[in-house]
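Numbering (this note's numbering), first residue to last: 25 to 206.
The C-beta atom is built at its ideal place from N, Cα and C for all residues, glycine as well.
Please read these numbers as outputs of a predicted model, since none were measured by experiment.
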């Protein structure tokens, strides 16, 4: 079994809270976003999908700010250079998608033709972005394509974490688990 970690090898509590909160919200939004055409019952969740997307955008902006100001724990010394490169590229691609996906969805619903309601969980109306119909259409296409890319990266990220924990039996996954789950 993987070894216990020294406190300095762990992510901070703030980083862990951001990670798991955003992860849960992204998984819910992937299910609703990808599944709403195939499963009609999910269409009723679309207002929540939009609100979750805006929440993910805001939390990710805060998370990236935190990440820039607080260095994460290093990967284990035995991690090959190619694996480090893939890990870093995947993490920064996920951060980029967590910002671009909500913006593309926001642009999509902001087009002048056929605007859709945009509220934050019914508590506050959100402003529409000043975009043209063509930009809204491009936002729609990008949002759909980026959704599939996000799904692929999320699956890759989960597979890599499980590989570290179950096959390599190192501490990479443990350092991101909340304290009560180790």
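Contact set for residue i: own chain, Cβ-Cβ below 8 Å, skip 5 residues either direction
{"i": "residue 123", "result": "81, 84, 85 and 88"}
{"i": "residue 94", "result": "36, 38 and 39"}
{"i": "residue 69", "result": "56 and 60"}
Buried/exposed call for residue i, threshold 16 Cβ in 10 Å
{"i": "residue 133", "result": "buried"}
{"i": "residue 32", "result": "Since pLDDT at residue 32 reaches only 46, below the 50 mark, its modelled position is unreliable, and the value read off the structure follows with that caveat. So residue 32 ends up on the exposed side."}
{"i": "residue 130", "result": "buried"}
{"i": "residue 64", "result": "exposed"}
{"i": "residue 208", "result": "Outside the shown range of the chain, which is 25 to 206, sits residue 208, and nothing can be said about it."}
{"i": "residue 156", "result": "exposed"}
{"i": "residue 205", "result": "exposed"}
{"i": "residue 76", "result": "buried"}
{"i": "residue 224", "result": "The structure shown has nothing for residue 224, since the chain only spans 25 to 206."}
{"i": "residue 202", "result": "exposed"}
{"i": "residue 169", "result": "exposed"}
{"i": "residue 136", "result": "exposed"}
Beta-carbon proximity list for residue i, same chain, < 7 Å, skipping 5 on both sides
{"i": "residue 139", "result": "133 and 152"}
{"i": "residue 49", "result": "76, 79 and 80"}
{"i": "residue 117", "result": "177"}
Simplified DSSP assignment, three categories, for residue i
{"i": "residue 64", "result": "helix"}
{"i": "residue 196", "result": "coil"}
{"i": "residue 201", "result": "coil"}
{"i": "residue 34", "result": "coil"}
Contacting residues, own chain, Cβ-Cβ under 6 Å from residue i (five flanking each side not counted)
{"i": "residue 149", "result": "143"}
{"i": "residue 119", "result": "88"}
{"i": "residue 185", "result": "197"}
**Message:** Please give the ranges of any alpha helix (DSSP H) in the region 90-170, keeping only runs that are unbroken, at least 4 residues long and fully inside the region.
**Reply:** 105-134
**Request:** Could you tell me whether the region 58-67 touches the region 101-115, using the rule of 3 or more Cβ pairs below 8 Å?
**Result:** no
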